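Some notes on the structure that comes next.
Residue numbers (our numbering): 2 to 1126.
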């Protein structure tokens, strides 16, 4: 998470004017320097830039993950499409794996109910703001065709019979209105509550909680009221045939398919089964989870049964499936779904509370044997599908990427255009992590069709989580699939309980949470930084390994030098060993310091926050621990959290920094190379003229480093925020006796945004905010590029450290890497966010890398010889550079971007990105064959700039920074892709490439596919002859305007939807937009004509087969008398 400017604003008010004056001077000098360079004829050669504004367009592509705060569920049994509605008005439609679609109601009101128009490619949604919407699903991006807003009554329940165009809408007042789904207008036919219940009843029956028609007689409507009354309403005679009363509130009602019985679920945990014709009392009362008392008394009441379904099978007993109804004494018991089948009752425990469930059946007809085969259960944070056909009711393996939030996401990285062998490699190691015991059957929600994936490059998303896990996802085209999960907490000792926890923890919960991920796709080296100031380096291997001793280093990184005026001369000495008051010798990796050493005044010192395991560690194929680095407590002060991290496989180095300083580690030799306070990096060139001595000397001894562990420390409410921002507010779990005596008068203890960074450290506490390894010119006088590290700080400084690497091969393991500051300092406004380098032609130069190979396999002798000769340098055009060629450094800060020409260090181009806001994320990315800078600002703007000239190409207001999660997870990648966490459970992907926006239509899947509706169940000869079987009803005759008149205008208001032609919103205005609209209209018309043709052909063939059958029947029965039939 990028730093916010609150502290800087305060610092700007309190800081002396000297620093601001020096900044102004520098800003005035920069354009002057550029002008001088131009006049002296050393102007950089012009690079032709191919990117123009028309190459950019911003649009959302897909949303992945579990729908946040779900509230409703529906299924189309013919199309095999599932839809989930949420409390924020979102809809998520699921078809076959890979076919998903996200839609949003503009009002943002909660979805209370969803009803498919089965096999019609349409859906009705009912919202908490009393609106009904009709969605057209016959297009790739569904749109609302009609809306109806109820003005005087609140909607509580809807029912749309199969193959009917009349929707019954029940309200809070107990009335039922009828909506024509085709025109989305109200019928004049209304069922008033007072007509439906007993006239002698003195009280209101409550809201309508259920409506359904008798499966065998569409003219009879069953209406359930909350109070416990149920009425069977005759639609033709407009009166109630029967009324059923029970003294407990009703939650749901379900029919037996023969229409002679129905079942109700109640608030006391009972189920009542009623015969339609005997309303006096229920045939049977069941308390599924009630303890049966011996003396025939009623069982004890249980929790409400929120929903019940009654499903029949041809060959055996019916299924009664219900949610809720547990007894009150089962405290702490998880939510359950109960499946009653004949004599057996199965109680299936769920991980989260049940929002809704549906039974999936073979037939869409309510008057046929239902033959249930699965139950889909929508939980608060998961979607579970249970196989009813197998013993033990196993669950299906969920193919959708719904486990993003298994542990809260704390950071995100996105890589487009990865090496092609990466996804198969990660998939093969991840396949071993699969759980067993799933249903053997195919996933039954398999409607829709895949889109045509126009994008062929591999994309990978990495998510870091609060429990220390890291997940790799295949995000190629517009799908998402988990590849591999790494648990970083495996290397640490776990505390069994609260009391057992080490008191060195610096966070109360989630001590392993991932804050930063640094990954090199080519070498597959992975490095993570965690919330407990720990860094772990991982190497990818396809083989098992048992690590006897986990290699470990402890780094004492602090901002303190004992009263030395200038630690370094003008020419700093090479830093082959750590300087300052750090450990002067690299700690051998085998040592596991287990006891905490305390300094003389009894404060915690030299102890890490977490304890590394000292038992052998079995590591499966995949990512295996190479080295654990931990920052230690210093003089009673906890280590500051890591704010930046970089790893380089070619150099064998990892570097990280925080607000105390910077540390570099050689992970091949397992040695600390550099350990400096930030000020020491400047040497004598510090623009702030800070005294590099301990700020703690000016404090009272009692408050040594604990000065602001006060009640004022902010604890974020949302758990997902906990291990976030670069310098995070956190609650420290410290013993109370260590809390300092704070002198109220001393303003140096003013609270600040992060623990242990007080205003006394104002200028001096400069955090490391960006790190970049590269092969470039380190000083003005350099004639050739060499390996170096560029360091960016929160005060807008860029410093360069030169790296002197021993030759590759055996020498690399024997000789030390020599590290020294180069003296090069560059300045920008605002904290540095990102750095990158371009060659003389304007192409991006990636940092050097070592291609991946299996580490543990012994090499052939020839290979070794080759290695000795070869220095692993950059695989970019820069490695073969001639001396005359220059490079460009691109530096992006919170406020501005600069392009610096190297080796001259002239500012070639400069762009102030924002004056009033600040950049949260900036990435230098490739698009087409060019490079650009993409930025996301806190004011919600997404901007792109050409490189190297920094011309503005795109500036779109996208979304305001509503919470820290967006800021923490937003990232851009190559080929015009970007993403962020839009909710705690969902990833939103977007594109800023015009080409991707245009291809999106083809890439999206089809939700609707033409499918024949199954044949209606056969009524049988006798049922037809004697009036049994299903009775049909001409609803048009009852509800049409001619019969029932017009509805009251003030009751509901019709709102036409934004329409059927998809993509119009996304299409730009002007000619392009018009063409897009015309093309889409033609497509849609073509599609409809195609459908019509198919239907005509189907009708012809069915007519043909009918005439054939009729002829056969006539021949068969020609000579038989009527009594012989």
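Where is the CB? At the ideal position from N, CA and C, for every residue including glycine. All of these numbers come straight from a predicted model, not from anything done at the bench.
Asked                                                                                                                                                                                    : Found
Just to confirm, are residue 87 and residue 70 a CB contact at a threshold of 8 Å?                                                                                                       : yes
Mapping DSSP to helix, strand and coil, what is residue 1127?                                                                                                                            : Look at the range of the chain in this structure, 2 to 1126, and you will see that residue 1127 is not part of it.
Tell me the residue span of the alpha helix (DSSP H) that contains residue 966.                                                                                                          : 965-970
Quick check on DSSP: helix, strand or coil for residue 555?                                                                                                                              : strand
Hey, residue 147 and residue 1055: beta-carbon distance below 8 Å or not?                                                                                                                : yes
By DSSP's criteria, residue 987 is part of a beta bridge. Which residues make up the other side?                                                                                         : 66, 984
Which residues share a DSSP beta bridge with residue 837?                                                                                                                                : 891
Kindly indicate which three-state DSSP category residue 163 falls into: helix, strand or coil?                                                                                           : coil
Hey, how far is the Cα of residue 485 from the Cα of residue 660?                                                                                                                        : 33 Å
Could you tell me whether the stretch 260-268 touches the stretch 294-314, using the rule of 3 or more Cβ pairs below 8 Å?                                                               : yes
Buried or exposed: residue 432, going by 16 or more other Cβ atoms within 10 Å of its Cβ?                                                                                                : exposed
Whole beta strand (DSSP E) runs in the stretch 407-457 with 3 or more residues, listed along the chain?                                                                                  : 410-417
Sort 143, 427, 269 by Cα distance to residue 303 and report the nearest one.                                                                                                             : 269
Where in the stretch 508-557 do unbroken runs of the alpha helix (DSSP H), each at least 4 residues long, occur, reported from the N-terminal end onward?                                : none
Less than 8 Å separating the beta-carbons of residue 458 and residue 418?                                                                                                                : yes
Short check: CB of residue 82 to CB of residue 158, under 8 Å?                                                                                                                           : no
Quick one: does residue 478 have its CB under 8 Å from some CB of chain B?                                                                                                               : Given the protein chain composition of this structure (a single chain), no chain B is represented.
Which residue wins for smallest C-alpha separation from residue 389, given the options 145, 322, 336?                                                                                    : 322
What residues in its chain sit with their C-beta under 8 Å from that of residue 401, if we drop five residues either side in the sequence?                                               : 95, 98, 101, 384
Buried or exposed: where does residue 889 fall if 16 or more other Cβ atoms within 10 Å of its Cβ makes it buried?                                                                       : buried
Can at least three beta-carbon pairs, one atom from the stretch 608-620 and one from the stretch 641-658, be found at a separation below 8 Å?                                            : no
Kindly list the residues whose CB is nearer than 6 Å to the CB of residue 853, restricted to its own chain and excluding five residues on each side of it in sequence; keep chain order. : 524, 525
Just how far apart, CA to CA, sit residue 361 and residue 439?                                                                                                                           : 18 Å
Using DSSP with H/G/I as helix, E/B as strand and the rest coil, what is residue 684?                                                                                                    : helix
Between residue 293 and the rest of its own chain, which residues show a CB-CB distance below 7 Å, the 5 nearest in sequence each way excluded?                                          : 300
How about residue 188 and residue 177: are their beta carbons less than 8 Å apart?                                                                                                       : no
Quick test of your reading: residue 797 and residue 832, contact by CB under 8 Å. State the CB separation rounded to the nearest angstrom.                                               : 6 Å
With 16 other CB atoms within 10 Å as the buried threshold, where does residue 284 fall?                                                                                                 : exposed
Run the CB neighbour count on residue 1014, radius 10 Å, all protein chains shown included, and call it buried at 16 or more, exposed below.                                             : exposed
Using DSSP bridges, identify the partner residues of residue 664.                                                                                                                        : 657, 676
Starting from residue 341, trace the beta strand (DSSP E) both ways and give me its first and last residue.                                                                              : 337-342
Buried or exposed: where does residue 199 fall if 16 or more other Cβ atoms within 10 Å of its Cβ makes it buried?                                                                       : exposed
Could you work out which residue in 465, 208, 931, 434 is closest to residue 51 when comparing CA atoms only?                                                                            : 931
Within the continuous alpha helix (DSSP H) that includes residue 813, where are the two ends?                                                                                            : 811-815
Take the Cβ of residue 1007 as the centre, count every other Cβ of all protein chains shown within 10 Å, and call the residue buried at 16 or more, exposed below.                       : buried
With contact counted as at least three CB pairs below 8 Å, one residue from each stretch, are the stretch 526-539 and the stretch 489-496 in contact?                                    : yes
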